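Chemist: In our numbering, the protein residues as written are 755 to 962.
Provided herewith is a single structure, encoded as structure tokens, for subsequent inquiry.
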Amino acid sequence: MKSVFFVLSLFITCFSWATQAPTILVLGDSLSAGYGIQIEESWPALMQNKIAKNGLPHKVHNASISGQTSSEGLRQMDQLLQLTQPQLVIIELGANDGLRGLSITQMQKNLQSMISKSLRANAKVLLVGIRVPSNYGRRYGEMFSNSFIKLAEDNGIALVPFMLAPIELVITENNRSEYIQRDGLHPTTKAQPLILNHLWPEIQTLIK
755 MKSVFFVLSL FITCFSWATQ APTILVLGDS LSAGYGIQIE ESWPALMQNK
805 IAKNGLPHKV HNASISGQTS SEGLRQMDQL LQLTQPQLVI IELGANDGLR
855 GLSITQMQKN LQSMISKSLR ANAKVLLVGI RVPSNYGRRY GEMFSNSFIK
905 LAEDNGIALV PFMLAPIELV ITENNRSEYI QRDGLHPTTK AQPLILNHLW
955 PEIQTLIK
């Protein structure tokens, strides 16, 4: 009886998503989960506000989890696609793979699987790249960054090569604490609109 109830509940949930507004699924890590700030101040939440102000019907489903690697993101991909049936999937993963020095090849395979699953679900895909700190070495850093470019080219999908590029443009020794938290890694509340404005042109094109 419990199994019947579970299946029925899942069907009702999926049906309600399918009959509602088009969905944007954000699958990321702490950079998209609002780590260290209020969740309503994170860039995905600001994106929902921007969508409403532009008179668009889309709803944002932010499935980002702090600390999440590409392997962990892949494990929840099927369930999220079934649940949300998104028009657009924004994949922002890989930072934790890089910080832990995990295999770039495996990260690429994981991201490729997520991209393929999204495309098979008739969703558009925006891949959001990130960089590792310079102390990881030039060779590893270049291989890591280039992996996002290659994935986008191989799959013909949209790419923002470096998520934090707008922060690098404005940050100085004197104002660093305004844009980066004390851990030296995570963007502050003030940085979130900069991230959204950096991603928005690609997002806007993909949801038209």
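Cβ atoms here follow ideal geometry from the backbone N, Cα and C, with glycine treated the same way.
None of the values given here were measured: they were computed from a predicted structure.
What residue does the beta strand (DSSP E) around His815 start on, and which one ends it?
Modeler: Lys813 to Asn816
Chemist: Can you tell me where the beta strand (DSSP E) with Glu795 in it begins and where it stops?
Modeler: Note, Glu795: premise wrong, no beta strand (DSSP E); not H, not E.
Chemist: Taking the beta carbon of Leu918 as the centre, do at least 16 other beta carbons fall within 10 Å, making it buried, or is it exposed?
Modeler: When all chains shown are included, Leu918 counts as buried.
Chemist: Compute the Euclidean distance between the alpha carbons of Ala836 and Glu896, then round it to the nearest angstrom.
Modeler: Sequence check: residue 836 is Gln here, not Ala. Cα to Cα, Gln836 sits roughly 35 angstroms from Glu896.
Chemist: With a CB to CB cut of under 7 angstroms and the five nearest residues on each side skipped, what residues in its chain are close to Ser870?
Modeler: none
Chemist: Measure the CB-CB distance between Ile934 and Thr942 and report whether it falls below 8 angstroms.
Modeler: yes
Chemist: Identify whether Pro941 lies in helix, strand or coil by the three-state DSSP scheme.
Modeler: strand
Chemist: Assuming Ala877 and Pro920 make a contact with CB atoms under 8 angstroms, what is their CB distance in whole Å?
Modeler: Actually they are not in contact, since the Cβ atoms of Ala877 and Pro920 sit about 26 angstroms apart, beyond 8 angstroms.
Chemist: Expressed to the nearest angstrom, what Euclidean distance is found between the alpha-carbon atoms of Ser888 and Ile925?
Modeler: Each residue's Cα considered, the two are about 17 angstroms apart.
Chemist: Could you check how far apart the C-beta atoms of Gly910 and Met868 are, in whole angstroms? I think they sit under 8 angstroms.
Modeler: No, Gly910 and Met868 are not in contact; Cβ-Cβ is about 15 angstroms, not under 8 angstroms.
Chemist: Compare the beta carbon distance of Pro811 and Ala775 with 8 angstroms and say whether it is the shorter of the two.
Modeler: yes
Chemist: Excluding the 5 residues flanking Ile793 on each side, which residues of the same chain have their C-beta closer than 7 angstroms to its C-beta?
Modeler: Ala799
Chemist: According to the neighbour-count rule (16 or more other Cβ atoms, all chains shown, within 10 Å of its Cβ), is Asn864 buried or exposed?
Modeler: buried
Chemist: Excluding sequence positions up to five away, which residues of its chain have a Cβ less than 6 angstroms from the Cβ of Glu907?
Modeler: none
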